[in-house]
Amino acid sequence: MQKQVIEFGGEPVGIVIPDQDRLKFIAVKFHVIDLDEQRFNSPDEVRLAIRDLVRARNQAPSIMV
2 MQKQVIEFGG EPVGIVIPDQ DRLKFIAVKF HVIDLDEQRF NSPDEVRLAI
52 RDLVRARNQA PSIMV
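Per our numbering, numbering of the sequence shown is gapless, rising by one per residue and ending at 66.
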């Protein structure tokens, strides 16, 4: 396997590349940077992690200044 583009919500947000018998995620969008360089077993696992990250951020209370 070579690099594979990972999309979320129809937008490319990063790529996965083979690394140490797993897939390393390289983020290209700021809202998924927390997952940058993490290793996953499959592209679907990356997408689930992105979904969970986005949901957690959307549910976090906003701070008003």
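C-beta atoms are modelled at their ideal positions from N, C-alpha and C, and glycine is treated no differently.
Query: Residue 42 and residue 23 closer than 8 Å at C-beta; Result: yes
Query: CA-to-CA distance, residue 62 to residue 20, given in whole angstroms; Result: 36 Å
Query: DSSP beta-bridge partners of residue 40; Result: 25
Query: Span separating the alpha-carbon of residue 13 from that of residue 54; Result: 16 Å
Query: Nearest-angstrom beta carbon gap, residue 27 and residue 15 [assumed within contact, 8 Å]; Result: 5 Å
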